[in-house]
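Below: the structure, in structure tokens.
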Amino acid sequence: MQNTVQAKPIAPYLGGKSKLAKTICSIIDNTEHKTYAEPFVGMGGILFRKEKPAKAEIINDYNYEVFTLFRVLQRHYDEFLNQLEYINHSRNHFKYLKDLNPTHLTDIERAARFYYLLRASFGAMASTYGVDKTRPDRFNINKYKKDLAHTVNRLRSVAMENLDFEDFIKKYDSKDTLFYLDPPYYGCENDYGKELFRREDFERIRSTLDSIQGKFILSLNDLPPVREIFKGYYIKEVELLYTVAKNGNKKAKEVIISNYPLD
Ligand SMILES: C[S@@+](CC[C@H](N)C(=O)[O-])C[C@H]1O[C@@H](n2cnc3c(N)ncnc32)[C@H](O)[C@@H]1O
Numbered sequence: 006m007q008n009t010v011q012a013k014p015i016a017p018y019l020g021g022k023s024k025l026a027k028t029i030c031s032i033i034d035n036t037e038h039k040t041y042a043e044p045f046v047g048m049g050g051i052l053f054r055k056e057k058p059a060k061a062e063i064i065n066d067y068n069y070e071v072f073t074l075f076r077v078l079q080r081h082y083d084e085f086l087n088q089l090e091y092i093n094h095s096r097n098h099f100k101y102l103k104d105l106n107p108t109h110l111t112d113i114e115r116a117a118r119f120y121y122l123l124r125a126s127f128g129a130m131a132s133t134y135g136v137d138k139t140r141p142d143r144f145n146i147n148k149y150k151k152d153l154a155h156t157v158n159r160l161r162s163v164a165m166e167n168l169d170f171e172d173f174i175k176k177y178d179s180k181d182t183l184f185y186l187d188p189p190y191y192g193c194e195n196d197y198g199k200e201l202f203r204r205e206d207f208e209r210i211r212s213t214l215d216s217i218q219g220k221f222i223l224s225l226n227d228l229p230p231v232r233e234i235f236k237g238y239y240i241k242e243v244e245l246l247y248t249v250a251k252n253g254n255k256k257a258k259e260v261i262i263s264n265y266p267l268d
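6 is the number of the first residue of the sequence shown in my numbering; add one for each residue after it.
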């Protein structure tokens with residue numbers, strides 16, 4: 006595998022892996038594989054931060070807004086930027102876009118809307134208009150252009166799917182495939198939309214992984230039911246420090262589960 010320059014994730018995102026990325030990327034970069042496949046890619050917190058590209062890289066997300074954003078960045082980057090250049094950045098317009106049914110938009114408008122909502126909101130989930138009285142205003146496409154161009158360049162040879170994770174894993178499994186899975190956290194199944202993921206899907210992840218030929222690593226929150234469902238695989242504990250208030254930090258435990266030894 007040849008070294009590549011890392012890129013930045015497309016936008017802030019709930020579960021964006023900023024705290025765990027170094028550990029996970031180092032595991033991926035040190036694992037022999039020819040195909041890299043990510044069933045729950047989100048904004049690419051791992052894909053873009055890892056250093057070594059695999060020969061084939063395929064990413065997937067069941068959320069159509071995520072899929073459309075990646076596809077439009079790959080194929081209509083200039084038109085995407087044009088949409089955002091003179092966007093009416095205001096609380097009213099944010100609310101209008103948030104409440105809009107995106108199925109009425111073209112794919113380019115749809116991708117620009119989703120990107121704008123992610124960038125202009127607090128909390129990285131496109132829900133609350135974000136203005137901070139102590140900082141410069143949040144959304145300015147010129148601020149993001151340089152990183153975005155680099156990210157789009159990194160995406161050129163990456164294939165994108167919009168499948169449920171089970172279909173995706175079965176489709177891309179081989180003895181040379183490495184899967185990195187970052188599903189919604191246990192207890193937060195509805196965070197990305199009700200119809201995408203359910204509590205029972207953790208068992209479905211387990212049974213799907215039980216029958217693969219390739220390698221996998223899976224990150225989740227460290228809870229007894231998670232350890233129970235994935236019992237029998239390698240489980241590595243990681244402790245992370247999250248900032249919760251201006252001066253407060255909170256420790257959280259996560260696990261990296263795999264079907265091959267990590268240390
Ligand atoms: C924790 S986030 C991934 C975050 C990602 N690691 C990042 O850095 O941005 C989980 C993702 O899984 C997607 N998802 C939820 N249910 C899914 C399913 N059944 N199949 C595939 N993707 C799904 C969500 O749309 C969401 O983008």
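Ideal placement from N, C-alpha and C gives every residue a C-beta, glycine not left out. Quick caveat, the model's predicted, so the values are computed rather than measured.
{"Check": "Cβ-heavy atom distance between PHE45 and ligand 1 below 7 angstroms?", "Outcome": "yes"}
{"Check": "Quick one: does the C-beta of GLY192 sit closer than 7 angstroms to a heavy atom of ligand 1?", "Outcome": "no"}
{"Check": "Thinking C-alpha only, which one of LYS176, LYS55, PRO229 and GLY47 is nearest GLU259?", "Outcome": "PRO229"}
{"Check": "Please classify THR109 as buried or exposed, where buried requires at least 16 other C-beta atoms within 10 Å of its C-beta.", "Outcome": "Residue identity check: residue 109 is His in the sequence provided, not Thr. By the 10 Å Cβ count, HIS109 comes out exposed."}
{"Check": "Sort out for me which residues DSSP pairs LEU105 with in a bridge.", "Outcome": "In the DSSP output, where bridge partners are listed per residue, LEU105 has none listed."}
{"Check": "Excluding the 5 residues preceding and the 5 following PHE207 in the sequence, name in chain order all residues of the same chain whose CB lies nearer than 6 angstroms to its CB.", "Outcome": "ILE234"}
{"Check": "Is LEU269 a contact residue of ligand 1, with contact defined as CB to any heavy atom under 7 angstroms?", "Outcome": "Residue 269 is absent from the model: the chain starts at 6 and stops at 268."}
{"Check": "Are there 16 or more other CB atoms within 10 angstroms of the CB of ASP268, so buried, or fewer, so exposed?", "Outcome": "exposed"}
{"Check": "Note down, one range per segment and in chain order, each beta strand (DSSP E) of at least 3 residues found wholly within the region 34-119.", "Outcome": "40-43 and 61-65"}
{"Check": "For TYR41, verify whether its CB is less than 7 angstroms away from any heavy atom of ligand 1.", "Outcome": "no"}
{"Check": "Confirm the yes/no value for this check: CB of MET48, any heavy atom of ligand 1, distance under 7 angstroms.", "Outcome": "yes"}
{"Check": "Just to check, is the beta-carbon of PHE207 closer than 7 angstroms to a non-hydrogen atom of ligand 1?", "Outcome": "no"}
{"Check": "From this set, ASN145, THR133 and ASN264, which residue's C-alpha is nearest LEU97's C-alpha?", "Outcome": "Note that residue 97 is Asn in the sequence shown, not Leu. When each option's Cα is compared against that of ASN97, the closest is THR133."}
{"Check": "Per DSSP, which residues does SER224 bridge with? Please list them.", "Outcome": "ILE261"}
{"Check": "Compute every distance between the C-beta of LEU201 and the non-hydrogen atoms of ligand 1, then say whether any falls below 7 angstroms.", "Outcome": "yes"}
{"Check": "DSSP three-state call for LEU274: helix, strand or coil?", "Outcome": "Nothing about residue 274 can be reported from this structure: the residues present for the chain run from 6 to 268 only."}
{"Check": "Does SER126 come out as helix, strand or coil in the three-state DSSP assignment?", "Outcome": "strand"}
{"Check": "Label SER126 either buried or exposed according to how many other C-beta atoms from any shown protein chain fall within 10 Å of its C-beta, with 16 as the threshold for buried.", "Outcome": "buried"}
{"Check": "By how many angstroms is the C-alpha of ALA59 removed from the C-alpha of MET6?", "Outcome": "Here the model assigns MET6 a pLDDT of 47, short of 50, so the residue's position is not dependable, and the following value carries that caveat. Taking the straight line joining both Cα atoms gives about 6 angstroms."}
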